[in-house]
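Engineer: Plus 53 on top of the position in the sequence shown (first one is 1) and you've got the numbering used here.
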Amino acid sequence: MVEMKYVPTICPYCGTGCGLNLVVVDEKVVGVEPLKRHPVNEGKLCPKGVFAHEFIHREDRLTKPLIKETNGEFREAEWDEALDLVASKLGEIKANNPDDIGFLACARSPNENIYITQKFARKVIGTHNVDHCARICHGPTVAGLARTFGSGAMTNDFISIESADVIFIIGSNNVEAHPLFGRRVMRAKKNGAKIIVADPRYTPTAKLADMYIEFRSGRDVPLINAMMKIIIDNDLQDDEFIKNRTKNYQRLKETVAKYDLDYVAELAETDPKKIEEAALMYAKADKAAIVYSLGITEHRHGADNVMANANLAMLTGNIGKVGSGVNPLRGQNNVQGACDMGALPTDYPGYQKVVSGQATKVVEENWTCTLDGCAPGLTVVEMIHAAADGNLKAMYITGEDPVLSDPDTNHVIEAMENLEFLVVQDIFMSETARYADVVFPAAGWGEQEGTFTNGERRVQLVRKAVNPPGEAKVDWEIMKEIAVRMGAESEQFTYKNAEEIFDEMRKITPQYRGMDRKRLERPEALHWPCPDESHPGQGLMHIDSFAHPDGLGVFEPADYIGPSELPDEEYPLVLTTTRTLFHYHASMTRRCKTLDKELPTGYVEINDKDAKKLGIINREKVKVRSRRGEIEIPARVTPDIMEGEVNIPMHFFECAANFLTTSRELDPKSKMAELKVCAVDVEKME
Ligand SMILES: Nc1nc2c(c(=O)[nH]1)N[C@H]1C(S)=C(S)[C@@H](COP(=O)(O)OP(=O)(O)OC[C@H]3O[C@@H](n4cnc5c(=O)[nH]c(N)nc54)[C@H](O)[C@@H]3O)O[C@H]1N2
Ligand SMILES: Nc1nc2c(c(=O)[nH]1)N[C@H]1C(S)=C(S)[C@@H](COP(=O)(O)OP(=O)(O)OC[C@H]3O[C@@H](n4cnc5c(=O)[nH]c(N)nc54)[C@H](O)[C@@H]3O)O[C@H]1N2
Ligand code: SF4
Ligand SMILES: [Mo]
Numbered sequence: 054m055v056e057m058k059y060v061p062t063i064c065p066y067c068g069t070g071c072g073l074n075l076v077v078v079d080e081k082v083v084g085v086e087p088l089k090r091h092p093v094n095e096g097k098l099c100p101k102g103v104f105a106h107e108f109i110h111r112e113d114r115l116t117k118p119l120i121k122e123t124n125g126e127f128r129e130a131e132w133d134e135a136l137d138l139v140a141s142k143l144g145e146i147k148a149n150n151p152d153d154i155g156f157l158a159c160a161r162s163p164n165e166n167i168y169i170t171q172k173f174a175r176k177v178i179g180t181h182n183v184d185h186c187a188r189i190c191h192g193p194t195v196a197g198l199a200r201t202f203g204s205g206a207m208t209n210d211f212i213s214i215e216s217a218d219v220i221f222i223i224g225s226n227n228v229e230a231h232p233l234f235g236r237r238v239m240r241a242k243k244n245g246a247k248i249i250v251a252d253p254r255y256t257p258t259a260k261l262a263d264m265y266i267e268f269r270s271g272r273d274v275p276l277i278n279a280m281m282k283i284i285i286d287n288d289l290q291d292d293e294f295i296k297n298r299t300k301n302y303q304r305l306k307e308t309v310a311k312y313d314l315d316y317v318a319e320l321a322e323t324d325p326k327k328i329e330e331a332a333l334m335y336a337k338a339d340k341a342a343i344v345y346s347l348g349i350t351e352h353r354h355g356a357d358n359v360m361a362n363a364n365l366a367m368l369t370g371n372i373g374k375v376g377s378g379v380n381p382l383r384g385q386n387n388v389q390g391a392c393d394m395g396a397l398p399t400d401y402p403g404y405q406k407v408v409s410g411q412a413t414k415v416v417e418e419n420w421t422c423t424l425d426g427c428a429p430g431l432t433v434v435e436m437i438h439a440a441a442d443g444n445l446k447a448m449y450i451t452g453e454d455p456v457l458s459d460p461d462t463n464h465v466i467e468a469m470e471n472l473e474f475l476v477v478q479d480i481f482m483s484e485t486a487r488y489a490d491v492v493f494p495a496a497g498w499g500e501q502e503g504t505f506t507n508g509e510r511r512v513q514l515v516r517k518a519v520n521p522p523g524e525a526k527v528d529w530e531i532m533k534e535i536a537v538r539m540g541a542e543s544e545q546f547t548y549k550n551a552e553e554i555f556d557e558m559r560k561i562t563p564q565y566r567g568m569d570r571k572r573l574e575r576p577e578a579l580h581w582p583c584p585d586e587s588h589p590g591q592g593l594m595h596i597d598s599f600a601h602p603d604g605l606g607v608f609e610p611a612d613y614i615g616p617s618e619l620p621d622e623e624y625p626l627v628l629t630t631t632r633t634l635f636h637y638h639a640s641m642t643r644r645c646k647t648l649d650k651e652l653p654t655g656y657v658e659i660n661d662k663d664a665k666k667l668g669i670i671n672r673e674k675v676k677v678r679s680r681r682g683e684i685e686i687p688a689r690v691t692p693d694i695m696e697g698e699v700n701i702p703m704h705f706f707e708c709a710a711n712f713l714t715t716s717r718e719l720d721p722k723s724k725m726a727e728l729k730v731c732a733v734d735v736e737k738m739e
């Protein structure tokens, strides 16, 4: 008899966090069904969710530990041998200097794995060198919203957007990147909301807009400052809110006074009338929401961009009420959780600072150890630079693929090759795993229990439907084995299941303290902050006061800095890099046959007028060059990108955007690299 079961869980792709059932027949996941009553997706899924089961049972899953021989080839190894090797090598390097080792946590995997990764780095190795992909994603959100609001997370829940009167979307293509949030934007429009989209590309999201503002990548600060100036000039600011809930308004006023409409329009290569009209629409609305994503964050002034949005919302009193707020759409399924869990070189779980003696003491007491509570560790891009310079000797990378995802691929490869010892723990042989000394096979989605925290701070259970393939193990189990081998006090790594880890975590994480597993079993789960077991969780933040100790929001005015690399004669075009509907980064969707058929490889979008000048026709293969590298890639000629700008989706290693991008300049406030702007040349090939 065929045995069939439905296992409810959460989609493994974007931070929307849709609920679905895995359909399991004879120990194999054969399909996916949306959860009809799930509060996020209400019975709908985007194509990635619908076909999410297709990568699980792939033949090329990693099933055995691999050790690289001196001839550069991998051989299969038994677990004991590989674990012993990693424990002894890490022990050797640690004995010399714990800060010679760096860790990357996996924002694709459950909170429990991530908590263990940072605990392993801090307690077992003794370093704060632990970070993850948020650094080159929404790191500026965490930094920028913490400065302005006191908490670095999305201020409203997803459903709130449906009550907005005006939605200002800047640098977010949510119809493709967060489709089930995009669905709510469409519903808001049906309810009468006016939509403004500011983006250098006329995206599927922009096509929904009542007003589309085309403008040049990297000019967000002047654009938003000009909007604030118009609002103040027209006396449309919310004086009550500014007086009672904020500080530093005078400085904001002085800063934005410099952002004259015509100056900004010229700088941003846009229409001044549109900036003015957008500002008036936003300020006059009763409830106006800001939605943003990487178009705002992935710049060397990413945190300034974020703070400009926060300033705009506070200026008009659009915080702490339904239908308003500052809504960064978080990327990975569990990147909100990865930040919450303290996979950050500056923060313990719950954003408690490693430089705080008080926070360090609490963590030490709970972990029964002493910690180095003084200097923060290295961030993602700093680790890559340090490895390339010989200042970092080992890396332990769990579920992240910097060779594909980090800026300046040639430099990343150089860094990986320069490491004395590299451990990669993944579900597939990623581009980065090829450079590893030891590869551990990890259990993936559908093969383990735990929790994901979505972009609206909703903490949801994920469940095991099938066993991992071959000898693959859950991430935390692998690290536990190494911890024990490295002599970590055994009582500290004796977890029997993910729930025990979650319960330990919530003891030191104020935002999660009130979440017990029983409460998370409800379909709506719980939003953080949830400080105690009687607290209902909180979808809407900053209702009466901000999360700063004095309860006030802080205006943080920012001046225009702009991109570090502007077009010139040799590299005359601005390159931006983005996402497409059918692919999610690379490793999983490119292995889903249905999605791969939809879009088998990459392309460079180029404006039709630019293409004409260069004699390039649609689908023709062209060469794109920057100061870092070059790739060959088919052209997609389109009017939907502004003149002077080209765009490459980031998913395809055979024509990878990151061979061209730069990691030279980082945002001083968040250490973000400039993934959304660099200068390139597009050449016709012979
Ligand atoms: N289908 C799919 N969905 C995904 C992902 C995926 O790989 N595929 N990845 C997930 C992850 S990790 C993330 S972080 C999110 C990202 O979600 P988004 O940020 O929405 O995705 P992107 O396409 O990278 O960038 C958004 C928009 O920024 C615009 N842009 C470029 N430069 C600028 C600029 O200087 N200013 C402004 N205002 N806009 C600019 C681009 O044209 C693009 O339309 O998506 C998540 N969802
Ligand atoms: N040019 C350019 N570059 C970008 C961006 C851009 O817009 N432009 N966006 C940036 C952003 S926003 C992000 S978030 C990063 C994403 O960068 P990455 O985090 O490197 O991207 P993923 O492909 O999501 O990597 C996840 C890896 O984890 C593995 N994995 C999945 N589940 C598990 C698990 O349970 N356990 C373990 N151990 N492994 C698992 C996958 O196979 C994959 O190899 O890319 C960044 N890079
Ligand atoms: S919107 Fe995001 S979470 Fe929902 S099905 Fe699509 S990829 Fe999955
Ligand atoms: Mo991301």
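Each residue gets a CB set at the ideal place from its N, CA and C atoms; glycine is no exception.
(1) Check whether the region 679-693 touches the region 706-722, counting contact only when three or more Cβ pairs, one atom from each stretch, lie closer than 8 angstroms.
(2) Collect the residues with a C-beta less than 6 angstroms away from any heavy atom of ligand 3 and give them in sequence order along the chain.
(3) Confirm the yes/no value for this check: CB of Arg272, any heavy atom of ligand 1, distance under 8 angstroms.
(4) Less than 8 angstroms between the CB atoms is what I'm expecting for Gly373 and His595, so what's the real figure, rounded?
(5) Quick one: residues with CB closer than 5 angstroms to any heavy atom of ligand 4, in chain order, please.
(6) Is there at least one non-hydrogen atom of ligand 1 closer than 8 angstroms to the beta-carbon of Asn226?
(7) Give me whichever residues DSSP pairs with Ile248 in a beta bridge.
(8) What residue does the beta strand (DSSP E) around Cys99 start on, and which one ends it?
(9) In the DSSP assignment, find the unbroken beta strand (DSSP E) run with Cys731 in it and report its ends.
(10) If you draw a straight line from the alpha carbon of Ile621 to that of Asn226, how long is it in whole angstroms?
(11) Applying the criterion that 16 or more other CB atoms from any shown protein chain within 10 Å of the CB defines a buried residue, is Leu73 buried or exposed?
(12) Does the Cβ-Cβ distance between Ala732 and Leu628 come in under 9 angstroms?
(13) At a threshold of 8 angstroms, does Tyr265 count as lining ligand 1 (C-beta to nearest heavy atom)?
(14) How would you write the range of the beta strand (DSSP E) that Pro325 sits in, first residue to last?
(15) Quick check on the DSSP output: the alpha helix (DSSP H) that includes Tyr316 runs from which residue to which?
(16) Write down every uninterrupted run of the alpha helix (DSSP H) in the region 260-310 whose length is 4 residues or greater and which is fully enclosed by it, in chain order.
(17) With a cut-off of 8 angstroms on the beta carbons, I'd call Ser716 and Val434 a contact; round off their distance for me.
(18) Looking only at C-alpha atoms, which of Arg200, Thr630, Leu634, Arg236 sits nearest to Arg657?
(19) Along the beta strand (DSSP E) that carries Ile63, what are the first and last residues, could you check?
(20) Which stretch, first to last residue, makes up the alpha helix (DSSP H) that contains Lys666?
(21) Considering only DSSP beta bridges, list what Tyr345 is partnered with.
(22) Looking at the strands, I want to know which residues DSSP matches up with Cys67.
(23) Compare the beta carbon distance of Cys64 and His231 with 9 angstroms and say whether it is the shorter of the two.
(24) Go through its chain and collect everything with a Cβ distance to Gly96's Cβ below 6 angstroms, but skip five positions before and after it.
(25) Identify which residue in Glu112, Met558, Ile222 has its Cα closest to the Cα of Asp393.
(26) Tell me whether Val690 sits in a helix, a strand or coil according to DSSP, three-state version.
(27) Specify the secondary structure class of Val408 as computed by DSSP and reduced to three states.
(28) Using only the alpha-carbon positions, how far apart do Val407 and Pro702 sit?
(29) On the three-state DSSP scale, how would you describe Tyr449?
(30) Going by alpha carbons, who is nearest to Thr413 out of Glu319, Asp459, Ser587, Thr562?
(31) Select from Ile248, Glu552, Trp498, Val730 the residue whose C-alpha is nearest the C-alpha of Ala160.
(32) For a quick check, are the C-beta atoms of Gly523 and Thr116 less than 9 angstroms apart?
(33) Quick check: is the beta carbon of Cys64 nearer than 9 angstroms to any beta carbon in chain B?
(34) Taking C-alpha atoms, which residue in Arg114, Pro692, Ser162 lies nearest to Gln513?
(35) Report the rounded CA-to-CA distance for Ser587 versus Gly567, giving the unit in angstroms.
(36) Let me check understanding here. Comparing Cα to Cα, which of Gln171, Ile437, Lys446 lies closest to Val456?
Structural biologist: With the given structure in hand:
(1) yes
(2) With 6 angstroms as the limit, the residues whose C-beta approaches a heavy atom of ligand 3 more closely than that are Cys64, Tyr66, Cys67, Thr69, Gly70, Cys71, Asn94, Leu98, Cys99, Lys101, Gly102, His231, Pro232, Leu233, in chain order.
(3) yes
(4) 5 angstroms
(5) Cys190, Gly384
(6) yes
(7) Ile220
(8) DSSP places Cys99 outside any beta strand (DSSP E), giving it a letter other than H or E.
(9) 731-737
(10) In the sequence on display, residue 621 carries Asp and not Ile. Take the alpha-carbon of Asp621 and the one of Asn226: they are about 28 angstroms apart.
(11) buried
(12) yes
(13) no
(14) Looking at the DSSP string, Pro325 is not in any beta strand (DSSP E); the run it does join, the alpha helix (DSSP H), is 325-337.
(15) That run of the alpha helix (DSSP H) goes 314-320.
(16) List check, alpha helix (DSSP H) in window: 273-286, 292-298, 302-309.
(17) 5 angstroms
(18) Residue identity differs from the one stated: residue 657 is Val in this sequence, not Arg. Nearest option by C-alpha distance: Thr630.
(19) 57-63
(20) From DSSP, the alpha helix (DSSP H) with Lys666 extends over 661-667.
(21) Ile223, Pro381
(22) Gln385
(23) Taking 9 angstroms as the Cβ cut-off, Cys64 and His231 do not qualify as a contacting pair.
(24) Pro87, Lys89
(25) Met558
(26) strand
(27) For Val408, the secondary structure class from DSSP, reduced to helix, strand or coil, is coil.
(28) One C-alpha to the other measures close to 36 angstroms.
(29) strand
(30) Thr562
(31) In terms of Cα proximity to Ala160, the closest of Ile248, Glu552, Trp498, Val730 is Trp498.
(32) In this structure, Gly523 lies near Thr116, with their beta-carbon atoms less than 9 angstroms apart.
(33) The structure shown contains no chain B, having only a single protein chain.
(34) Ser162
(35) 7 angstroms
(36) Ile437
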